[in-house]
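Take a look at the structure below.
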Amino acid sequence: AIELLESYIAAGKDVEHLAHCHLALGQIATDEQRLESALEHFAAGLGLAPKKRKVRYVLHNNIGYCLNRLGRHKEAEKHCRTAIDIDWTRASAYRNMGVSLHGQGNTVAAAWALAEAVKIDLTDKRAHILLSKLVADNPFLVTGCPWILEALNDETRVSLEVPRI
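Per this note's numbering, the very first residue in the sequence shown carries number 2; after that it's consecutive.
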């Protein structure tokens with residue numbers, strides 16, 4: 002698959018297809034834990050200025066993911082915010098932004114972003130796990146940010162709620 006995509010890039014002229022090929026190569030590199038290579042492909046895809054909203058969203062979101070994995074949280078946040086600006090109805094960029102905000106020490110903002118990811122996609126187990134762990138590690142969030150409980154499932158919510166006196 003890699004050789005085919007690379008040969009298409011070498012011979013291709015359609016910007017949208019080329020951007021999609023770079024996206025695919027970046028995703029393959031991400032799966033193989035070659036994060037710097039993935040970033041190069043995602044950046045190359047963005048450099049082509051694709052018109053398709055979904056492709057732009059995924060390129061920015063995936064750059065954010067890779068930068069988070071590399072500990073470059075401030076840079077990651079910028080790409081996650083851009084992805085959210087492109088399509089605020091998708092959960093993944095909120096989840097990745099939560100990781101970047103947490104990596105920068107902004108616990109409340111990280112909780113908000115993760116809660117948004119959970120609310121947008123109730124099936125996103127990764128966002129739910131990250132939010133649950135964040136709340137467990139920072140119990141003040143339950144009282145300081147009661148809206149978090151709305152994002153957690155019933156089982157988690159019951160174990161975190163502050164007892165009423």
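We put the CB at the ideal spot given by N, CA and C, even for glycine.
- With respect to the C-alpha of residue 21, the residue from 104, 33, 119 and 7 having the closest C-alpha is 7.
- Relative to residue 131, the option among 112, 47, 62 and 120 whose CA is nearest is 112.
- For residue 28, the uninterrupted alpha helix (DSSP H) segment begins and ends at 16-32.
- Where residue 125 is concerned, there is no enclosing alpha helix (DSSP H), because DSSP gives it neither an H nor an E.
- Within its own chain, the residues whose Cβ lies closer than 6 Å to the Cβ of residue 122, once the five positions on either side in sequence are excluded, are 92, listed in chain order.
- In this structure, residue 150 keeps its C-beta atom at 9 Å or more from the C-beta atom of residue 133.
- Scanning its chain for C-beta atoms nearer than 7 Å, with the 5 sequence neighbours on each side dropped, one finds around residue 125 the residues 92, 96, 118 and 119, in chain order.
- Residue 97: member of the alpha helix (DSSP H) spanning 92-104, first to last residue.
- Here residue 64 is buried. Its C-beta has 16 or more other C-beta atoms within 10 Å.
- Classified as exposed, residue 5 has fewer than 16 neighbouring CB atoms from the shown chains inside 10 Å of its CB.
- Around the CB of residue 12, fewer than 16 other CB atoms lie within 10 Å, so the residue is classed as exposed.
- Minimum Cα-Cα distance from residue 66 among the listed residues 110, 44, 108 and 3 corresponds to 44.
- Counting only runs that start and end inside the stretch 28-73, there is no beta strand (DSSP E) element of at least 3 residues.
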